[in-house]
Amino acid sequence: MAQSNKEKSTKITALVVDDDMINRTIHHRLLDNLGIENEVVGNGKEAVDVHCSGKNFDLILMDKDMPIMNGIEATRKLREMGIRSLIAGVSSRSTEQEIQEFMEAGLDDYLEKPLTMSKLVTIIRKIDSNG
Amino acid sequence: MDRNRLQHQVACMKRSLFDQGYLDEQFIQLEELQDDANPNFVQEIVTLFYSDSARLIHNIEQALNGKPIDFSKLDDYMHQFKGSSSSIGAKKVTNECTVFREYCSAKNAEGCIRTFQQVKQEYAILKRKLEVYFQMVRQAAVAHTA
């Protein structure tokens, strides 16, 4: 399965946005295992900056609670910039209100931490189906 | 001791870590990320967790010594710590973090202080158990088959 996923996903790119080093490492590895080329940054401002430098990604995994610029602000900013990547919010805070607020910032989906292979595959299938 | 016996011991120890509630499914998820190119991924992540979380533990201790206690800052630190703990499948540690955050939310300093001792205890116990586990894994990896 891993081999066929790698072949299928070689053109998908992703950006991991998370202030937690453990989560950045795990999410980077999860994406690597799926054959997805990915970069990692430590907060929302770095996510915005990397897009300002001209880079673009098919998928952005956006943590909610981060210093300097949180996931809600970063998502809003990226959408204002015209970024149409699939942005999946990733957080361990799970009240309905908090999820709603995050979604309204411009998310395409929301995933609860910890992220797993099956959760990621669900998201990636959306990218594949959107072409 | 030959490889098969060591591997059996590794499997037994892993099962007991799950049965006793020290680890949860997330640990299995991490193991599934290991391959020939990254054979020690889980151990590396656990090592990273313990080195990175030492900073958070220090921050929490400092915050608990504050007069008055800044419960909002305390909750932020514990939220981060809980997130990392759950990411490596540290079930008991994560559960104690949840209890701590409930006391934090209620601005119960005594409850926070008491629960933080539990957090640190579970954190230390898991560290010792995982050190033994990874040592057994390494021994099994280099052992010869009889």
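If you read the protein sequences in the order shown, they are chains F and W. Position one of the first sequence corresponds to residue 103 (this note's numbering), numbered consecutively onward. Position one of the second sequence corresponds to residue 125 (this note's numbering), numbered consecutively onward. Even glycine gets a Cβ: it sits at the ideal position worked out from N, Cα and C. Predicted model, so just to flag it, every value in this text is computed and none were measured.
query	result
Given 8 angstroms, three or more beta-carbon pairs between the segment 221 to 232 of chain F and the segment 152 to 170 of chain W	no
Rounded separation between H153 (chain F) and Q153 (chain W) - CA only	31 angstroms
Backbone secondary structure at D211 (chain F) - three-state DSSP	strand
Residue-chain proximity (K166 (chain F), chain W), Cβ-Cβ < 8 angstroms	no
Among F:E214, F:A207, F:I128, the one whose alpha carbon lies nearest that of K179 (chain F)	F:A207
Within chain F, the residues that D194 (chain W) reaches when beta carbons sit closer than 8 angstroms	The premise fails here: D194 (chain W) is roughly 16 angstroms from chain F at the closest Cβ pair, so nothing lies under 8 angstroms.
Cβ-based contacts, 9 angstroms cut-off: residues of the segment 244 to 259 of chain W near chain F	none
Proximity winner among W:N232, W:R225, W:E185, W:K216, relative to G145 (chain W) (alpha-carbon distances)	W:K216
Residue range of the beta strand (DSSP E) that includes T115 (chain F)	115 to 119
Helix, strand or coil at N140 (chain F) according to DSSP, with G and I counted as helix	strand
Neighbourhood of A190 (chain F) by C-beta, 6 angstroms cutoff - its chain only, sequence neighbours within 5 removed	L163, D211, L213, I225
Q186 (chain W) versus W:V223, W:K251, W:F240, W:R262, residue with shortest Cα-Cα distance	W:F240
Contacting positions in the segment 141 to 164 of chain W - beta carbon closer than 8 angstroms to chain F	Q150, Q153, L154, E156, L157, D159, N162
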